[in-house]
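Only one structure is covered here, and it is reproduced in the block below.
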Amino acid sequence: MEENEILEELREYKQPRLLDILNKVDINKREKLIKQLSQINLKEIEKLYENIKETADVDVGELKPVKSVNPDKLSKEEFDEYEELGANVVKNNKFAVVIMAGGEGTRLGFNGPKGTFKIDVEPKPKYLFEIMADSIARANKKYGVTIPWYIMTSNKNNEQIVNFFEEHSYFGYPKEYVGFFEQGELPLITEDGQLIVDEDYNIRKAADGNGSVFKSMRDRGVIEDMKAKGIEWVYIGQIDNVLLKMVDTLLMGVAIKEKSEIGTRSILKAFPKEKVGTLCLKNGKVKVIEYSEIPEEMIEAKNENGEMLFGESNITCNLFSLNAIDKISKENLPYHKAHKKYEYMDENCKMVEPSEPNAYKFEYFIFDSFEFFSQISIVRGKREEDFAPVKNKDGVDSPETAIKLYNEYWRRHEDGRM
Ligand code: UTP
Numbered sequence: 000m001e002e003n004e005i006l007e008e009l010r011e012y013k014q015p016r017l018l019d020i021l022n023k024v025d026i027n028k029r030e031k032l033i034k035q036l037s038q039i040n041l042k043e044i045e046k047l048y049e050n051i052k053e054t055a056d057v058d059v060g061e062l063k064p065v066k067s068v069n070p071d072k073l074s075k076e077e078f079d080e081y082e083e084l085g086a087n088v089v090k091n092n093k094f095a096v097v098i099m100a101g102g103e104g105t106r107l108g109f110n111g112p113k114g115t116f117k118i119d120v121e122p123k124p125k126y127l128f129e130i131m132a133d134s135i136a137r138a139n140k141k142y143g144v145t146i147p148w149y150i151m152t153s154n155k156n157n158e159q160i161v162n163f164f165e166e167h168s169y170f171g172y173p174k175e176y177v178g179f180f181e182q183g184e185l186p187l188i189t190e191d192g193q194l195i196v197d198e199d200y201n202i203r204k205a206a207d208g209n210g211s212v213f214k215s216m217r218d219r220g221v222i223e224d225m226k227a228k229g230i231e232w233v234y235i236g237q238i239d240n241v242l243l244k245m246v247d248t249l250l251m252g253v254a255i256k257e258k259s260e261i262g263t264r265s266i267l268k269a270f271p272k273e274k275v276g277t278l279c280l281k282n283g284k285v286k287v288i289e290y291s292e293i294p295e296e297m298i299e300a301k302n303e304n305g306e307m308l309f310g311e312s313n314i315t316c317n318l319f320s321l322n323a324i325d326k327i328s329k330e331n332l333p334y335h336k337a338h339k340k341y342e343y344m345d346e347n348c349k350m351v352e353p354s355e356p357n358a359y360k361f362e363y364f365i366f367d368s369f370e371f372f373s374q375i376s377i378v379r380g381k382r383e384e385d386f387a388p389v390k391n392k393d394g395v396d397s398p399e400t401a402i403k404l405y406n407e408y409w410r411r412h413e414d415g416r417m
């Protein structure tokens, strides 16, 4: 696009601050900004801005509890049948793993990609990426295969992550089986709909959420690559759960047997108002709902066995058929917005540090993909076996709690179950 067309668009889409900045800066900075603007679709930005004003519709009246498979209640025959169905996919080289590592990890406050964070587990400290590598390597040994492992990075951390793997010799994982792909980004927008310029004259963008994984896999050729390899099932997990079981043959067996395209492992909420997303049925489709959006009487409701009716919580342990990923990658997931504080350049090219949240970041969430399918399979896991996230610097879901859960898990499973 020509410079005058860009300026015209900036006027049309009401970006007066950027127009002022462009008028005041020297030619180099102006060119730098114009080049970036030529790659930004202002019509899309306007749509994002419209989204700020919308409030999420939660029509709670139609919510129903989901059904899940509880492995503790399966007979040995049923359990073995599921396991075998899943294991056959792995043994036949039709299974791949994706780890999402494109997040900013702001709550942890660690200066670097979260996967490069080291936690002091027994018998020796490990990086989060190392924990994942070891976990897949154990499955490789068990099933006599090498599982292709893809890592989703962001524009911000891709180089650091690739270098980190090089420096650490891929933690012994065969390098030719590891692939990196960058996720997408979306611009940040201030409350009045303006783009943000930072002190280096960059238009500020941020990674567009873990739901970006599908589209990013398509854009970066990962889906094609998997098809060429004959992959049929893909586990997509998050980097910060140190008990993540990526090669979840039970979940895969259940999904195959139930003829689902998606499987997810849940855990039972610790108490009705625990701050976690709850798996519910809405209009017959699985949806993840914030606990605060579920009416009080539903939150406390119990079934005939005395269990919480709305107790199944989402822990981002998801399995997709490659067909499902292909389909979702062509759909538009909704945006979720986060109101945050971002430093910005004002119309006089001065940086302003706001004292209150002043702008929005937009993200896609992976669980919104569930709604494109008439059913998904849910297997109930256990907190102490499946979920030890490293989210916060301290307190709940911190390195301290994750280390404890990890060490306890491995004391129970010296045989290398995960
Ligand atoms: P979270 O939503 O917990 O975010 O990510 P985070 O980046 O780790 O931490 P905060 O919220 O900034 O403190 C859940 C998983 O999704 C990945 C993360 O890397 C993590 O594995 N993720 C998140 C992405 O890959 N890309 C994103 O844009 C966001």
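Following numbering that gives the first Met the number 0, the numbering of the sequence shown begins with 0 at its first residue and continues without gaps. For glycine and all other residues, C-beta sits at the position ideal for the given N, C-alpha and C. All of these numbers come straight from a predicted model, not from anything done at the bench.
Relative to the ligand UTP, even the nearest heavy atom lies 7 Å or more away from the CB of residue 320. Residue 74 has its CB no nearer than 7 Å to any heavy atom of the ligand UTP. Beta-bridge partners assigned by DSSP to residue 307: 301.
For residue 237, the secondary structure class from DSSP, reduced to helix, strand or coil, is strand. Here the alpha carbons of residue 213 and residue 192 stand approximately 27 Å from one another.
With distances taken between CA atoms, residue 188 lies nearest to 44 out of 44, 263, 92 and 363. With a beta-carbon spacing of about 20 Å, residue 247 and residue 389 fall beyond the 8 Å limit used to define contacts. Residue 182 is positioned such that its CB atom lies closer than 8 Å to that of residue 101. With a minimum length of 3 residues, the unbroken runs of beta strand (DSSP E) contained wholly in the segment 304-381 fall at 311-320, 335-339, 358-362 and 376-379. Sorting 198, 169, 165 and 209 by C-alpha distance to the C-alpha of residue 184 places 209 at the top. Inter-residue distance for residue 142 and residue 334 is about 39 Å (C-alpha atoms, whole angstroms). By the beta-carbon neighbour count (other beta carbons within 10 angstroms, threshold 16), residue 112 is buried. Contact between residue 198 and residue 350 holds: their C-beta atoms lie close to 5 Å from each other, under 8 Å. For residue 366, the closest of 170, 73 and 278 by C-alpha to C-alpha distance is 278. Residue burial annotation: residue 173 is exposed, with fewer than 16 other C-beta atoms found within 10 angstroms of its C-beta.
Residue 325 holds the alpha-carbon nearest to the alpha-carbon of residue 372 among 325, 359 and 363.
In the DSSP assignment, residue 178 forms a beta bridge with 149.
Within the same chain, Cβ atoms closer than 8 Å to the Cβ of residue 302 are found at 64 and 308, the five residues on either side in sequence being excluded. For residue 237, the CB contacts under 6 Å within the same chain, skipping 5 residues up- and downstream, are 99 and 315 in chain order. For residue 184, the three-state secondary structure derived from DSSP is strand. In terms of Cα proximity to residue 1, the closest of 23, 13, 15 and 30 is 30. When the five nearest sequence neighbours on each side are left out, the beta carbons in the same chain lying within less than 6 Å of the beta carbon of residue 260 are those of 320, 323 and 372, in order along the chain.
Taking all protein chains shown into account, residue 356 has fewer than 16 neighbouring C-beta atoms within 10 Å of its C-beta and is therefore exposed.
Inside the segment 8-91, DSSP marks whole alpha helix (DSSP H) runs of 4 or more residues at positions 15-23, 26-36, 41-52 and 75-90, from first to last along the chain.
For residue 16, the CB contacts under 6 Å within the same chain, skipping 5 residues up- and downstream, are 193 and 346 in chain order. The alpha-carbon separation between residue 313 and residue 21 amounts to approximately 46 Å. Under DSSP, residue 264 forms a beta bridge with 316 and 378. Not one heavy atom of the ligand UTP falls within 7 Å of the beta-carbon of residue 403. Look at residue 276 here: in three-state DSSP terms it is strand. Secondary-structure assignment with DSSP links residue 232 through a beta bridge to 94 and 320. Annotation: residue 339 to residue 204 spans about 13 Å, alpha carbon to alpha carbon.
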